[in-house]
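Heads up: the structure comes next, in structure tokens.
2 protein chains.
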Amino acid sequence: MTAQLYCFGESGNAYKAALALTLADMDWQPVYVDFFNGGARTPEFRALNEMGEVPVLIDGDTTLTQSGVILDYISSKTGKMGGRSAAERREVLRWLFWDNHKLSTLVGQTRFLMNFLPADKRPEAVIAFNLARLKGSYTTLNDHLAGANWMVGDQVTIADLSCAGYLYYPEPFGFDRKDWPHIDRWLDQIATLPGWQAPYDMMPGNPSDRA
Amino acid sequence: MTAQLYCFGESGNAYKAALALTLADMDWQPVYVDFFNGGARTPEFRALNEMGEVPVLIDGDTTLTQSGVILDYISSKTGKMGGRSAAERREVLRWLFWDNHKLSTLVGQTRFLMNFLPADKRPEAVIAFNLARLKGSYTTLNDHLAGANWMVGDQVTIADLSCAGYLYYPEPFGFDRKDWPHIDRWLDQIATLPGWQAPYDMMPGNPSDRA
Numbered sequence: 001m002t003a004q005l006y007c008f009g010e011s012g013n014a015y016k017a018a019l020a021l022t023l024a025d026m027d028w029q030p031v032y033v034d035f036f037n038g039g040a041r042t043p044e045f046r047a048l049n050e051m052g053e054v055p056v057l058i059d060g061d062t063t064l065t066q067s068g069v070i071l072d073y074i075s076s077k078t079g080k081m082g083g084r085s086a087a088e089r090r091e092v093l094r095w096l097f098w099d100n101h102k103l104s105t106l107v108g109q110t111r112f113l114m115n116f117l118p119a120d121k122r123p124e125a126v127i128a129f130n131l132a133r134l135k136g137s138y139t140t141l142n143d144h145l146a147g148a149n150w151m152v153g154d155q156v157t158i159a160d161l162s163c164a165g166y167l168y169y170p171e172p173f174g175f176d177r178k179d180w181p182h183i184d185r186w187l188d189q190i191a192t193l194p195g196w197q198a199p200y201d202m203m204p205g206n207p208s209d210r211a
Numbered sequence: 001m002t003a004q005l006y007c008f009g010e011s012g013n014a015y016k017a018a019l020a021l022t023l024a025d026m027d028w029q030p031v032y033v034d035f036f037n038g039g040a041r042t043p044e045f046r047a048l049n050e051m052g053e054v055p056v057l058i059d060g061d062t063t064l065t066q067s068g069v070i071l072d073y074i075s076s077k078t079g080k081m082g083g084r085s086a087a088e089r090r091e092v093l094r095w096l097f098w099d100n101h102k103l104s105t106l107v108g109q110t111r112f113l114m115n116f117l118p119a120d121k122r123p124e125a126v127i128a129f130n131l132a133r134l135k136g137s138y139t140t141l142n143d144h145l146a147g148a149n150w151m152v153g154d155q156v157t158i159a160d161l162s163c164a165g166y167l168y169y170p171e172p173f174g175f176d177r178k179d180w181p182h183i184d185r186w187l188d189q190i191a192t193l194p195g196w197q198a199p200y201d202m203m204p205g206n207p208s209d210r211a
């Protein structure tokens with residue numbers, strides 16, 4: 001049965017799920033959510049996810065939300081990208097939480113404010129504050145990758161997909177690859193995995209739809 | 001063997017771990033981290049946790065960071081508060097991620113900016129922006145609890161402890177219990193569990209130390 005991923009191209013959290021489904025060789029198809037016209041706030045969508053967010057994954061009788069849960073489900077179901085031992089699995093989960101707590105939340109918000117709001121509605125003080133905080137998160141990630149090819153262990157895991165997801169987007173959000181050489185190398189390495197595609201090639205919807 | 005929890009009273013993320021250890025009847029003791037004098041940024045602390053954050057739990061040979069991972073470990077080790085089935089466990093994990101993504105990150109930052117910075121250094125535009133966003137998170141939580149006594153299933157889980165942790169602090173962060181009746185009832189209910197204590201009674205360090 002083909003899994004359904006509720007998503008839209010601009011969502012980095014949905015992209016993480018799309019990448020994991022693809023790299024784990026699961027059969028899936030996207031279901032477009034028109035986020036920029038309120039598609040994640042309708043009563044119908046709230047009935048699917050009370051949190052009012054994509055991604056939502058429907059796989060047979062199972063409905064899941066939160067990218068971290070979806071990534072964990074995909075790796076548990078397929079036996080891929082979850083780490084080789086209990087200790088590695090805890091490390092994977094640790095970086096998934098760090099990503100949700102310190103990286104993707106902040107990148108996602110900052111990118112939205114800088115790119116998807118009209119210029120006269122951008123809260124410049126919030127953007128400046130976030131950009132300063134993001135340097136701390138990029139530093140933690142870059143330092144970790146200085147001593148490792150992958151986030152956990154010696155092969156790709158869902159921790160890589162979670163932490164990398166937003167960093168493939170082309171819009172500005174205070175991240176310049178050349179400032180972070182270890183992150184840069186790691187992003188190139190993930191992009192060589194069979195099946196990898198850039199976010200707007202993998203899910204429907206992109207900023208040019210609203211131009 | 002007594003588990004060691006690196007913590008300080010003001011940290012809601014450490015409080016979640018302290019509560020879980022206590023409610024699960026694990027033997028533990030706090031190790032004070034002098035966060036406000038840079039204690040989470042020293043080379044020694046970074047060697048313990050490259051993320052530069054509390055909580056850190058050391059239990060025998062196991063060292064863990066990120067409150068979500070520590071909560072998961074405690075419930076796995078003790079068989080308590082993890083949910084009754086695979087579906088409930090996924091729901092628990094889902095609310096842990098939501099909390100890290102949408103609630104605790106924002107509450108923690110907003111409370112810090114409003115209470116622990118000198119008045120002339122408070123970024124008022126950021127605080128106002130966060131307070132508006134937090135209403136969305138409180139709404140999601142309150143709506144969820146309108147139809148349920150606990151976050152997942154019919155008994156307390158680590159999802160309750162994660163989502164509730166920061167909400168027991170006395171400092172202002174845009175949260176008034178009387179505005180959110182279902183959250184209010186639920187917080188009272190958690191506080192009746194044997195062993196429950198308020199944050200500053202459970203861990204060393206509190207704002208009066210710096211007064």
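Chains as they are written, first to last, in the UniProt record's numbering: chain H, 1 to 211; chain B, 1 to 211. Positions of the beta carbon are idealized from the N, C-alpha and C atoms, including for glycine. This one's a predicted model, so the numbers in the text were calculated from it and none came from an experiment.
Task: In DSSP terms, what Asp59 of chain B is bridged to - done: B:Thr62
TODO: For chain C, find out if any of its Cβ atoms is closer than 8 Å to the Cβ of Thr42 of chain H; answer yes or no.
DONE: No chain C is present in this structure, whose protein chains are H and B.
Open item on the list: Below 8 Å on the Cβ atoms is my contact criterion, and I expect Pro123 of chain H with Ala125 of chain B to pass it. Report the Cβ-Cβ distance as a whole number of Å.
Closed with: 6 Å
Open item on the list: With H, G and I counted as helix, E and B as strand and the rest as coil, what does DSSP make of Val92 of chain H?
Closed with: helix
Task: Classification of Met202 of chain B by the beta-carbon crowding that lies within 10 angstroms, buried from 16 upward - done: buried
Task: Alpha carbon of Leu141 of chain B to alpha carbon of Asp25 of chain H, nearest angstrom - done: 35 Å
Task: Where Val31 of chain B falls: helix, strand or coil (DSSP) - done: strand
Open item on the list: Whole angstroms are fine: how far does the CA of Phe36 of chain H sit from the CA of Pro172 of chain B?
Closed with: 33 Å
Task: Contact check, Gly205 of chain H vs Glu10 of chain H, beta carbons under 8 Å - done: yes
TODO: Tell me whether the beta-carbon of Thr105 of chain B lies closer than 8 Å to the beta-carbon of Thr105 of chain H.
DONE: yes
Open item on the list: Please classify Glu44 of chain B as buried or exposed, where buried requires at least 16 other C-beta atoms within 10 Å of its C-beta.
Closed with: exposed
Task: Per DSSP, cross-strand counterpart(s) of Cys7 of chain B - done: B:Tyr32
Task: Cα-Cα separation, Trp150 of chain H to Gly108 of chain H - done: 23 Å
Task: the region 181–198 of chain H / the region 91–103 of chain H touching (three or more Cβ pairs under 8 Å) - done: no
TODO: Would you verify that the beta carbon of Gly68 of chain H is, or is not, closer than 8 Å to some beta carbon of chain B?
DONE: yes
Task: Alpha-carbon spacing of residue 213 of chain B relative to Lys77 of chain H, whole angstroms - done: Residue 213 of chain B lies beyond the range of chain B shown here (1 to 211); nothing can be said about it.
Task: Alpha-carbon to alpha-carbon, Pro194 of chain B and Leu131 of chain H - done: 43 Å
TODO: Please go through the same chain and pick out, in chain order, the residues whose beta-carbon is closer than 6 Å to the beta-carbon of Pro30 of chain B, but skip the five residues on each side of it.
DONE: Leu5, Cys7, Met203 and Pro204
TODO: For Tyr15 of chain B, collect the residues of the same chain with a Cβ closer than 6 Å to its Cβ; drop the 5 residues on either side in sequence, then sort them by chain order.
DONE: Gly165 and Pro199
Open item on the list: For a test of the three-state rule: what should DSSP assign to Pro199 of chain H, helix, strand or coil?
Closed with: helix
Task: Span separating the alpha-carbon of Ala17 of chain H from that of Arg133 of chain H - done: 26 Å
Open item on the list: Just to confirm the assignment, what range does the alpha helix (DSSP H) spanning His144 of chain B have?
Closed with: Glu124 to Ala146
TODO: Give every residue of the same chain whose Cβ lies closer than 7 Å to the Cβ of Tyr169 of chain B, excluding the five residues on either side of it in the sequence, and list them in chain order.
DONE: Gly12, Arg111 and Pro199
TODO: Could you check how far apart the C-beta atoms of Leu71 of chain H and Ser162 of chain H are, in whole angstroms? I think they sit under 8 Å.
DONE: 6 Å
Task: Interface flag, Arg122 of chain B vs chain H, CB-CB below 8 Å - done: no
Open item on the list: Quick check on Glu44 of chain H: does DSSP put it in helix, strand or coil?
Closed with: helix
Open item on the list: Just to confirm before moving on: does the CB-CB distance between Thr65 of chain B and Asp27 of chain B stay below 8 Å?
Closed with: no
- [ ] Check the Cβ of Phe8 of chain B against every Cβ in chain H and list those closer than 9 Å, keeping chain order.
- [x] Ordered by position in chain H, no residue passes the 9 Å Cβ test against Phe8 of chain B, which lies about 18 Å from the chain.
- [ ] Let me know the secondary structure DSSP gives residue 215 of chain H once reduced to three states.
- [x] In the structure as shown, chain H starts at 1 and stops at 211, and residue 215 of chain H therefore has no counterpart that could be examined.
Open item on the list: If you reduce the DSSP assignment to three classes, tell me which class Asp160 of chain B lands in.
Closed with: helix
TODO: Kindly say whether Val31 of chain H, judged by its beta-carbon, lies nearer than 8 Å to any beta-carbon of chain B.
DONE: no
TODO: Report the rounded CA-to-CA distance for Ile127 of chain H versus Phe129 of chain B, giving the unit in angstroms.
DONE: 11 Å
Open item on the list: Would Leu145 of chain B and Leu167 of chain B be called neighbours here (beta carbons separated by less than 8 Å)?
Closed with: no
TODO: Taking only the alpha-carbon atoms, compute the straight-line gap between Ile158 of chain H and Arg210 of chain B and give it to the nearest angstrom.
DONE: 42 Å
- [ ] State the DSSP-derived secondary structure class of Val54 of chain B, mapped to helix, strand or coil.
- [x] coil
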